[in-house]
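Peer 1: So the sequence shown is residues 146 to 420, counted in our numbering. Could you have a look at this structure, given as structure tokens, before my questions?
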Amino acid sequence: MSGRLDGKVAVITGGASGIGRACAELFAREGADVLVSDIHDEKGAEAVAAVEALGRRAHYLHVDTTSEAANEAMAQAAVDELGRLDICVAAAGVSHASYDSGNTAPDEELIRRRYQQPEDGMLTNRPVEMWEKVIDVNLNGVMLTNRAAARQMMALGNGGAIINISSIAGKHPAVGSPEYCVSKAGVWMLTKSLALELAPYQIRVNAIGPGFIETPMTAVFRADEELSQRWLAMTPMGRFGYPEEIATTALFLASEEASFYSGQILHPDGGFFTE
Ligand SMILES: NC(=O)c1ccc[n+]([C@@H]2O[C@H](COP(=O)([O-])OP(=O)(O)OC[C@H]3O[C@@H](n4cnc5c(N)ncnc54)[C@H](O)[C@@H]3O)[C@@H](O)[C@H]2O)c1
Numbered sequence: 146m147s148g149r150l151d152g153k154v155a156v157i158t159g160g161a162s163g164i165g166r167a168c169a170e171l172f173a174r175e176g177a178d179v180l181v182s183d184i185h186d187e188k189g190a191e192a193v194a195a196v197e198a199l200g201r202r203a204h205y206l207h208v209d210t211t212s213e214a215a216n217e218a219m220a221q222a223a224v225d226e227l228g229r230l231d232i233c234v235a236a237a238g239v240s241h242a243s244y245d246s247g248n249t250a251p252d253e254e255l256i257r258r259r260y261q262q263p264e265d266g267m268l269t270n271r272p273v274e275m276w277e278k279v280i281d282v283n284l285n286g287v288m289l290t291n292r293a294a295a296r297q298m299m300a301l302g303n304g305g306a307i308i309n310i311s312s313i314a315g316k317h318p319a320v321g322s323p324e325y326c327v328s329k330a331g332v333w334m335l336t337k338s339l340a341l342e343l344a345p346y347q348i349r350v351n352a353i354g355p356g357f358i359e360t361p362m363t364a365v366f367r368a369d370e371e372l373s374q375r376w377l378a379m380t381p382m383g384r385f386g387y388p389e390e391i392a393t394t395a396l397f398l399a400s401e402e403a404s405f406y407s408g409q410i411l412h413p414d415g416g417f418f419t420e
């Protein structure tokens, strides 16, 4: 089947890399025009070129999702530049305060230490700013993106689909990253709460909780043999997932095939959650 998003316009935060980028390309293949937003402008331009190479219209906007004004401008730009707004994927995120695949180099040493010497990573041993940064991007940012998209969708009156990228970490705690787990659990509850509020407007709000996926975000971890094995041991299928496997889930949730889904979370996770 193809053309599942014919005539639709999608906004994708974190669209320059990994899961967001895979969504941008798959949505374009299925007929959507795409507004890509990110803080990494070079990679954003590459994503736009990839969408255009697939024959669709695309527009890039520098959006730090922690900014309310930037999110509002993004939702408006979808309408101004591409004519409408039907789908919003909130994929922008960070794994740690020290990691941001956008403009700053990850502090790989710090990330490794967090897992190899867990006491370094304990919440009791870290500055509170590290907690705040992750919550700000992963939870507050998603809320601001959802709110801006919902406002625009309500004004346009055509319904819509909002898809939030949570994580298995939203249900499964991990030593060394309580703020990540809390942010993703928050995204899951935000998704359910907004689903209720927006249902009368035919705006569906769903989440995806991926397992361990091969993206730049996990590169440092995957390069560490011991950590890699630990993650694969938790994944019955015995491999990492690909960003395209998350994009196909997002495509389903964005499409008419999911027309009666709202307030749900889907877990493409290689069998991580089997209970
Ligand atoms: N990779 C995994 O294993 C995995 C698993 C579960 C959930 N996730 C989630 O999926 C989403 C996408 O992650 P990914 O794996 O594709 O990582 P990625 O690092 O490849 O992509 C994340 C993108 O978000 C952007 N970003 C970061 N902070 C931002 C900000 N303040 N404003 C706008 N953009 C910002 C980055 O520049 C980057 O392009 C994240 O929310 C992540 O938490 C990833």
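Note that beta-carbon positions come from the ideal geometry of N, C-alpha and C, so glycine has one too. For clarity, every value in this text was computed on a predicted model and none was experimentally measured.
Is Asn283 near ligand 1, going by C-beta to nearest heavy atom under 7 Å?
Peer 2: Mapped onto the sequence shown, residue 283 falls at position 138. Yes, the Cβ of Asn283 comes within 7 Å of a heavy atom of ligand 1.
Peer 1: Looking at C-beta atoms only, is the number of pairs between the segment 318-328 and the segment 399-407 that lie closer than 8 Å three or more?
Peer 2: no
Peer 1: At the level of alpha carbons, what is the spacing between Asp245 and Gly159?
Peer 2: Here residue 245 refers to the residue found at position 100 of the sequence shown. Here residue 159 refers to the residue found at position 14 of the sequence shown. Model confidence at Asp245 stands at a pLDDT of 49, short of 50, so the residue's coordinates are unreliable; what they give is reported in the following sentence. Going by the C-alpha atoms only, they are around 11 Å apart.
Peer 1: How would you call Glu175, buried or exposed, if buried means at least 16 neighbouring beta carbons within 10 angstroms?
Peer 2: The residue labelled residue 175 in the question sits at position 30 within the sequence shown. Glu175 should be labelled buried.
Peer 1: With three or more C-beta pairs closer than 8 Å as the rule, is the segment 269-287 touching the segment 235-244?
Peer 2: yes
Peer 1: I need the straight-line Cα distance from Ser407 to Ala352, nearest angstrom please.
Peer 2: Counting from 1 along the sequence shown, the entry for residue 407 is found at position 262. Counting from 1 along the sequence shown, the entry for residue 352 is found at position 207. Rounded to whole angstroms, Ser407 to Ala352 spans 9 Å at the Cα level.
Peer 1: Below 8 Å CB to CB, which residues in the same chain sit around Thr211 once its five sequence neighbours on both sides are set aside?
Peer 2: Counted from its first residue, the sequence shown places residue 211 at position 66. Same-chain partners within the cutoff: Asp281, Val282, Asn285, Gly286 and Leu289.
Peer 1: Quick one: which unbroken alpha helix (DSSP H) runs of 4-plus residues sit fully inside the segment 355-420? Chain order, please.
Peer 2: 364-367, 370-378 and 388-399
Peer 1: Starting from Thr269, trace the beta strand (DSSP E) both ways and give me its first and last residue.
Peer 2: To locate residue 269, count along the sequence shown from 1; it is residue 124. Where Thr269 is concerned, there is no enclosing beta strand (DSSP E), given that its DSSP letter is neither H nor E.
Peer 1: Using the rule of at least 16 other Cβ atoms within 10 Å of the residue's Cβ for burial, across every protein chain shown, is Arg166 buried or exposed?
Peer 2: Within the sequence shown, numbered from 1, the residue matching residue 166 stands at position 21. Arg166 should be labelled buried.
Peer 1: State whether the segment 299-312 contacts the segment 346-363, with contact taken as three or more CB pairs (one from each stretch) at a distance under 8 Å.
Peer 2: yes
Peer 1: Can you say whether Gly247 is buried or exposed, counting buried as having 16 or more other CB atoms within 10 angstroms of its CB?
Peer 2: Against the sequence shown, residue 247 aligns to sequence position 102. Confidence is the limiting factor: at Gly247 the pLDDT is only 44, short of 50, which leaves the residue's position unreliable and the question unanswerable from this model.
Peer 1: Report yes if the C-beta of Met382 is less than 7 Å from at least one heavy atom of ligand 1; otherwise report no.
Peer 2: Taking the sequence shown and counting its residues from 1, the one referred to as residue 382 is at position 237. Not under cutoff, so the answer is no.
Peer 1: Got a sec, what are the start and stop residues for the beta strand (DSSP E) Val234 sits in?
Peer 2: Reading the sequence shown from its first residue, position 89 is the one you call residue 234. Segment Ile232 to Ala235, the beta strand (DSSP E) holding Val234.
Peer 1: Which value, in whole angstroms, describes the spacing of the CA atoms of Gly383 and Asp414?
Peer 2: Taking the sequence shown and counting its residues from 1, one reaches residue 383 at position 238. Taking the sequence shown and counting its residues from 1, one reaches residue 414 at position 269. In a straight line, the C-alpha of Gly383 is about 11 Å away from that of Asp414.
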